[in-house]
Structures are given as structure tokens and as C-alpha cells.
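Q: Numbering-wise (the numbering used here), the sequence shown opens with residue 2 and increments by one.
Quick reminder that beta carbons are idealized off the backbone N, C-alpha and C, glycines included.
Just so we're clear, the structure is a prediction, and the values are computed from it rather than from any experiment.
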Amino acid sequence: RATERDAVAARVDRPDVERAPVIGSVSDSVALELAFREHRPEIVFHAAAHKHVHLMESFPEEAIRNNVTGTRLLIETAEGHGAERLVMLSTDKAVRPRGVMGASKRLAELVMLRKAEAGTRTKLIAVRFGNVLGSRGSVVPLFQEQIAAGGPVTVTHPEMERFFMTIPEAVQLVLQAAELGEGGEIFVLDMGEQVRIVDLAEQLIRLSGLEPGRDIEVVDTGPRPGEKLSEEL
């Protein structure tokens, strides 16, 4: 989703690209059919998912409906309308998942892989993301808000660590996967080493001209349901 300013800038940069918003759910087969029948997309970027780890622990049926059933319906609709490619955004949490969200995304990957193995005109590709810095729900904007408010900055556990990628890296990963994929692959960006969340929080405090523990407290709140201390690629 883009802000109004971003949308205006995009129209200026690429006035030849038509944009047609459609309101609907990825788990609604009728809405998908109508959208594909009207717009006939050649390349589909599947970014519809419930991604909030702790919330999906409380609503597993919604994780399955949206993340798994929605993926199956979208693939079937894309196939039925002759889309050339479908790129699904997945997550590093799909590797040996501990929580419902990661498990539902792994199931979605398996749906895609089985469809690809069975043979389809649509090339089906998945990309696994780490945490995207600055995206909606990212810890960085949250930490910045907490620092601006005078603290405390809250981290779930002193040893919790995550893989991080920037928004440009995430966009490049998706576009390159769409270009390179022949169907049935899962692409993963080499994101280097994991970063401890507490180190990230303390660095942001210092970049704000303050000192962790003196000017801004860093408080451990404890891992939430479904969370791992470390992720895997």
C-alpha cells in the first residue's frame, strides 16, 4: 500500500502504467475470479497474508484460511486465467516453524511446490523474507516512537535475534525471483548474520544522541507466544 504522495509520484514517473484498485479477500474465490476476469494479470505478486506471530497463535483458523487457503485459491485462479508467473512472499519463519504463522506459511509454500510439481502453465515461485527494516510492523519505527517519547524501549528478550533486509533489497529480491524463477523454487536473500534486537535498540538510542540505560531505559518484556529466539535460513 502506498501513501497518496507515493501514488502521485508513481503516476508521474510511469504515466503509462494503469492502476486499478480492487477491494476483496484472497480467500474469496468469487472476488478473485472477478478480478482476474476483468484485469487478466500476467504476473501476480502474492503478498496477502496474516503475518503477526502472536495474534495467529490466538486465531489459527484465520491463519489457515488466509495464508494457506488463500494461496491455493489464488494459484488456481491465476492458472485458470493463464497468468505467466506468480511470486509468493514467504518468511524465514517457515523454516522449522515454532508458531502458527510460520507453519501456515510453510503449508502455503508446500501448496505452491506441489502445484508446481504437478505441472502448470503458470510458473510458481516463492521468496522468503527476513524482517524488512522500515516496513509496516517493523521494530525500527516502534523503537523510534519509544525513543521520541522518552522511553522505555521494549525488547522481548536480550538474546532474541533476527535477519534484516532493507526495503530496496526486498523489492529487488521479489523482482529478481520473478525474472529468474522457472517454477517450483524458493528464493532466499543472503542477509548475512542475524542482529540482536537489543543491539539494534541500543544503536538507535545512540544515533538519537542519547545513552542506553542512562537517558533511555531498555526493558525486556519476554517472548510472545509462537516466537523463536533465533530464525534460520
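Compare the beta carbon distance of D221 and H158 with 8 angstroms and say whether it is the shorter of the two.
A: Cβ distance < 8 angstroms, so D221 and H158 count as in contact.
Q: If you run the structure through DSSP and keep just helix, strand and coil, what is E124?
A: Position check: residue 124 holds Lys in this sequence, whereas Glu was assumed. DSSP places K124 in strand when its eight states are reduced to three.
Q: Evaluate I206 with the Cβ neighbour count: other Cβ atoms within 10 Å of its Cβ, from every protein chain shown; 16 or more gives buried, anything less gives exposed.
A: I206 comes out buried.
Q: Assign E186 to one of three DSSP states: helix, strand, or coil.
A: In this structure, E186 counts as strand in the three-state DSSP scheme.
Q: Please go through the same chain and pick out, in chain order, the residues whose beta-carbon is closer than 6 angstroms to the beta-carbon of F144, but skip the five residues on each side of it.
A: Closer than 6 angstroms at the Cβ level, and outside the excluded window around F144, lie V154, A202, L205.
Q: In terms of alpha-carbon separation, which member of F188, R99, E194, G71 lies closest to R225?
A: Of the candidates F188, R99, E194, G71, the one whose C-alpha sits nearest the C-alpha of R225 is R99.
Q: Please state the DSSP three-state secondary structure of L134.
A: In this structure, L134 counts as coil in the three-state DSSP scheme.
Q: Which first and last residues belong to the alpha helix (DSSP H) in which R207 is found?
A: Element bounds for R207: 198 to 208.
Q: Any chance the stretch 158 to 176 sits against the stretch 101 to 117, with 3 or more Cβ pairs inside 8 angstroms?
A: Not touching, per the Cβ criterion.
Q: Mapping the DSSP letters down to three states, classify D93 as helix, strand or coil.
A: D93 falls in the helix class under three-state DSSP.
Q: CA-CA distance, S26 and K229?
A: Roughly 29 angstroms between the two C-alpha positions.
Q: Hey, would you say M89 sits closer than 8 angstroms to H47, going by beta carbons?
A: Result yes, Cβ atoms of M89 and H47 sit closer than 8 angstroms.
Q: Could you say which of A149, R73, E110 lies nearest to F185 if we only look at CA atoms?
A: Checking the sequence, you will find Gly at residue 185 rather than Phe. When only C-alpha atoms are compared, the closest one is E110.
Q: Quick test of your reading: T127 and S91, contact by CB under 8 angstroms. State the CB separation rounded to the nearest angstrom.
A: Residue identity check: residue 127 is Ala in the sequence provided, not Thr. Indeed they touch by this definition, with Cβ atoms about 5 angstroms apart.
Q: Figure out for me which residue from V141, F165, M166, E170 has the closest Cα to the Cα of V156.
A: Of the listed residues, the one whose Cα sits closest to V156 is V141.
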